[in-house]
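Novice:
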Amino acid sequence: MMIMCKHAHAPVMQIPTGGLDFSVLRCLPKKEKVVVVMGATGTGKSRLSIDLATRFPAEIINSDKMQVYEGLNIVTNKISEEECEGVPHHLLGIVDPEADFTAENFVSTASLAMKSIVGRGKLPIIAGGSNSFIEALVDDENYEFRSRYDVCFLWVDVETMVLNKFVSDRVDQMVAAGMVEEARKMYNPNTDYSKGIRRAIGVPEFDSYFRAEYSSSSDKKTRAMLLKAAINETKINTCKLARRQLDKIHRLENVKGWQIHRLDATRVFQEKGREANDVWAELVSQPASLIVEEFLYTFDNSRDFATNKDIGGRGIRETEMGAVMATATY
1 MMIMCKHAHA
11 PVMQIPTGGL
21 DFSVLRCLPK
31 KEKVVVVMGA
41 TGTGKSRLSI
51 DLATRFPAEI
61 INSDKMQVYE
71 GLNIVTNKIS
81 EEECEGVPHH
91 LLGIVDPEAD
101 FTAENFVSTA
111 SLAMKSIVGR
121 GKLPIIAGGS
131 NSFIEALVDD
141 ENYEFRSRYD
151 VCFLWVDVET
161 MVLNKFVSDR
171 VDQMVAAGMV
181 EEARKMYNPN
191 TDYSKGIRRA
201 IGVPEFDSYF
211 RAEYSSSSDK
221 KTRAMLLKAA
231 INETKINTCK
241 LARRQLDKIH
251 RLENVKGWQI
261 HRLDATRVFQ
271 EKGREANDVW
281 AELVSQPASL
291 IVEEFLYTFD
301 NSRDFATNKD
311 IGGRGIRETE
321 MGAVMATATY
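Below you can see the structure in the form of structure tokens.
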């Protein structure tokens, strides 16, 4: 059976009969389904989206505004071909680095990608940290997205102090992997850091260091000091980005009323090796898979998924649902 369940009936509206023909209501067009994976930088959005795409027939649409650009793979922490595990990715490294890719551009290209994915009988999974892009897509002015799609929001969350340490360590790892050399290749003393891929954290922070490299008046000690400062500023700005991303998610949930399933991955980042992988499966991957399965086979999405113990003959078993609710909350 196709995961999209294209032939499932739409829910029957609860209104007085008054001689109405309920068969007409049952013929209302059914919305297609979309999953959105949200979260601050470094929390594991890409990992979860791939986990889901290997469990369900799905393709992933990138919603990170820096990863849409070609180049700077280390700086933007772009997922590698090996890490994709054969899952098709859209809007990843496709835009000229000098161009400006706006929220409007994202809405148009992501909409085309979703239609293409659905047309192949697969589930679109939108994953990335640019919540402004996601909001522009989901709550568009013409209500096109909401009229066409039902959406399941998943939020991978990590306690702030734990995430800040991870982000700081990750910047060090990126530097060791060649981030500075990568950014140096794109350095231009007359560049505009407000446009294109040069807006990415890890590019403008190194401007003073690169200028010193090209200056005959700077000594080795000065350059070393500027490099250390640039790396530290990159860490600080990445942590600030994570805070802004969380604030936007809270606004979407509390002000706009989006129903978002929160998955707490804090313990994953407190473990190492196999233990961390086991905790990821227990607290993030498995609960998310159960939530998505329930979403795909639930015909009445207006009800709280936690109360739907047996919907359409494919509801999540009560014991499984209890485990999900222990780790996932709205």
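Note that the UniProt record's numbering gives residue 117 to position 117 of the sequence shown, counting from 1, and the numbers run on in steps of one.
We treat Cβ as the ideally placed atom computed from N, Cα and C, and that holds for glycine.
In this text, all values refer to a predicted model and were calculated from it rather than measured experimentally.
1. Within this structure, are the beta carbons of glycine 42 and valine 167 separated by less than 8 Å?
2. Are valine 162 and valine 37 touching if we call contact CB-CB under 8 Å?
3. Span of the beta strand (DSSP E) holding isoleucine 291?
4. Are leucine 283 and arginine 267 touching if we call contact CB-CB under 8 Å?
5. On a CA-only basis, which of Gly196, Ala200, Glu181 is nearest tyrosine 209? Give me that one, please.
6. Please state whether DSSP places asparagine 105 in a helix, a strand or coil.
7. At the level of alpha carbons, what is the spacing between glutamate 70 and glycine 129?
8. Can you tell me whether valine 255 is buried or exposed? The criterion is at least 16 other CB atoms within 10 Å of its CB, across all chains shown.
9. Just to confirm, is the Cβ distance from serine 289 to leucine 52 under 8 Å?
10. Determine contact between the stretch 60-69 and the stretch 90-97, defined as no fewer than three beta-carbon pairs at a distance below 8 Å.
11. Between which two residues does the beta strand (DSSP E) containing lysine 33 stretch?
12. Quick one: Cα of alanine 224 to Cα of phenylalanine 295, how far?
13. Am I right that aspartate 50 and glutamate 81 are in contact with their C-beta atoms under 8 Å? What's the rounded C-beta distance?
14. Quick one: what does DSSP say asparagine 308 is sitting in, helix, strand or coil?
15. Let me confirm a value: valine 259 is counted as buried when at least 16 other C-beta atoms fall within 10 Å, else exposed. Which label applies?
16. Roughly how many angstroms separate the alpha carbons of lysine 185 and glutamine 270, rounded to a whole number?
17. Taking asparagine 62 as part of the beta strand (DSSP E), name the residues at either end of that continuous run.
18. With burial defined as no fewer than 16 other Cβ atoms inside 10 Å of the residue's Cβ, what is the status of threonine 102: buried or exposed?
19. Which of the three DSSP states, helix, strand or coil, is assigned to arginine 120?
20. State yes or no: is the C-beta of methionine 114 within less than 8 Å of the C-beta of valine 175?
21. Closest to arginine 47 by CA distance: which of Phe145, Ala281, Tyr297 is it?
22. Just to confirm the assignment, what range does the beta strand (DSSP E) spanning aspartate 264 have?
23. Are alanine 230 and phenylalanine 206 close, meaning C-beta to C-beta below 8 Å?
24. So, under 8 Å CB-CB, leucine 154 and isoleucine 249 are touching, yes? Tell me the CB distance rounded to an integer number of Å.
25. From the DSSP output, which residues share a beta bridge with phenylalanine 153?
26. Reducing DSSP to helix, strand and coil, say where tyrosine 209 ends up.
27. Please report the distance separating the alpha-carbon of glutamate 141 from that of alanine 212.
28. By the three-class DSSP mapping on this structure, what secondary structure does alanine 127 have?
29. Spell out the partners DSSP gives tyrosine 69 in its beta bridges.
30. Given that a residue counts as buried once 16 or more other Cβ atoms are within 10 Å of its Cβ, and exposed if not, what is glutamine 245?
31. Thinking just about the alpha-carbon of each residue, which of Met179, Gly273, Ser108 is nearest to the one in phenylalanine 145?
32. Would you decide whether arginine 198 is buried or exposed? Buried here means 16 or more other CB atoms lie within 10 Å of its CB.
33. Which partner residues of histidine 90 appear in the DSSP bridge assignment?
Specialist: Checking against the coordinates, here is how it stands:
1. Reading the sequence shown from its first residue, position 42 is the one you call residue 42. Reading the sequence shown from its first residue, position 167 is the one you call residue 167. Cβ atoms of glycine 42 and valine 167: closer than 8 Å.
2. On the sequence shown, position 162 is the one that residue 162 refers to. On the sequence shown, position 37 is the one that residue 37 refers to. Not closer than 8 Å, so no.
3. Here residue 291 corresponds to residue number 291 of the sequence shown, with the count starting at 1. Element bounds for isoleucine 291: not the beta strand (DSSP E) but the alpha helix (DSSP H), 286-297.
4. As a working mapping, residue 283 is identified with position 283 in the sequence shown. As a working mapping, residue 267 is identified with position 267 in the sequence shown. Contact check for leucine 283 against arginine 267 passes: the beta carbons are separated by less than 8 Å.
5. Indexing the sequence shown from 1 puts residue 209 at position 209. Out of Gly196, Ala200, Glu181, Glu181 has the C-alpha closest to the C-alpha of tyrosine 209.
6. Counted from its first residue, the sequence shown places residue 105 at position 105. DSSP places asparagine 105 in helix when its eight states are reduced to three.
7. Mapped onto the sequence shown, residue 70 falls at position 70. Mapped onto the sequence shown, residue 129 falls at position 129. Note on geometry: alpha-carbon atoms of glutamate 70 and glycine 129 lie some 18 Å from one another.
8. The residue you call residue 255 lines up with position 255 of the sequence shown. Its Cβ having fewer than 16 others within 10 Å, valine 255 is exposed.
9. Taking the sequence shown and counting its residues from 1, one reaches residue 289 at position 289. Taking the sequence shown and counting its residues from 1, one reaches residue 52 at position 52. Their beta carbons are under 8 Å apart, which means serine 289 touches leucine 52 by this criterion.
10. Enough Cβ pairs lie closer than 8 Å, so yes.
11. Walking along the sequence shown from the start, residue 33 turns up at place 33. Start and end: 32-39.
12. Here residue 224 corresponds to residue number 224 of the sequence shown, with the count starting at 1. Here residue 295 corresponds to residue number 295 of the sequence shown, with the count starting at 1. Taking the straight line from one Cα to the other gives about 53 Å.
13. Walking along the sequence shown from the start, residue 50 turns up at place 50. Walking along the sequence shown from the start, residue 81 turns up at place 81. Note on residue identity: the sequence assigns isoleucine, not aspartate, to residue 50. Contact doesn't hold; Cβ gap of about 12 Å is too wide.
14. As a working mapping, residue 308 is identified with position 308 in the sequence shown. For asparagine 308, the predicted model reports a pLDDT of 34, less than 50, meaning its position is unreliable and no value from the coordinates is stated.
15. Stepping through the sequence shown from its first residue, residue 259 is reached at position 259. This sequence places glutamine at residue 259; valine is not what is there. By the neighbour-count criterion, in which a residue is buried when 16 or more other Cβ atoms sit within 10 angstroms of its Cβ, glutamine 259 is exposed.
16. The residue you call residue 185 lines up with position 185 of the sequence shown. The residue you call residue 270 lines up with position 270 of the sequence shown. Each residue's alpha carbon lies about 36 Å from the other.
17. Taking the sequence shown and counting its residues from 1, one reaches residue 62 at position 62. Taken as a continuous stretch (DSSP letters only), the beta strand (DSSP E) holding asparagine 62 covers 58-62.
18. Reading the sequence shown from its first residue, position 102 is the one you call residue 102. By the C-beta density criterion, threonine 102 is exposed, having fewer than 16 other C-beta atoms within 10 angstroms.
19. As a working mapping, residue 120 is identified with position 120 in the sequence shown. For arginine 120, the secondary structure class from DSSP, reduced to helix, strand or coil, is coil.
20. Here the question's residue 114 lines up with position 114 in the sequence shown. Here the question's residue 175 lines up with position 175 in the sequence shown. Cβ atoms of methionine 114 and valine 175: not closer than 8 Å.
21. Looking up residue 47 in the sequence shown gives position 47. Selected option, being the one with the closest Cα: Ala281.
22. To locate residue 264, count along the sequence shown from 1; it is residue 264. Looking at the DSSP string, the run of the beta strand (DSSP E) that includes aspartate 264 is 260-264.
23. Against the sequence shown, residue 230 aligns to sequence position 230. Against the sequence shown, residue 206 aligns to sequence position 206. Yes, these two residues count as a Cβ contact at 8 Å.
24. Locating residue 154 in the sequence shown gives position 154, counting from the first residue. Locating residue 249 in the sequence shown gives position 249, counting from the first residue. The C-beta distance from leucine 154 to isoleucine 249 rounds to 11 Å, too long to meet the 8 Å contact threshold.
25. Numbered from its first residue, the sequence shown carries residue 153 at position 153. Phenylalanine 153 is bridged to Val36, Ile260.
26. Within the sequence shown, the letter at position 209 stands for residue 209. It is helical.
27. Indexing the sequence shown from 1 puts residue 141 at position 141. Indexing the sequence shown from 1 puts residue 212 at position 212. The straight-line gap from Cα to Cα measures roughly 47 Å.
28. For the purposes of this step, residue 127 is taken as residue 127 along the sequence shown, with counting starting at 1. Alanine 127: strand per DSSP, three-state reduction.
29. Residue numbering aside, residue 69 sits at position 69 when the sequence shown is read from its first letter. Under DSSP, tyrosine 69 takes part in a beta bridge, and its partners are Val95.
30. As a working note, residue 245 is residue 245 in the sequence shown. So glutamine 245 ends up on the buried side.
31. Position 145 of the sequence shown holds residue 145. The shortest CA-to-CA distance from phenylalanine 145 to any of Met179, Gly273, Ser108 is the one to Ser108.
32. For this step, residue 198 is matched to residue 198 along the sequence shown. Taking a 10 Å sphere around the C-beta of arginine 198, we find 16 or more other C-beta atoms and assign the residue as buried.
33. Here residue 90 corresponds to residue number 90 of the sequence shown, with the count starting at 1. For histidine 90, the beta-bridge partners assigned by DSSP are Ile61.
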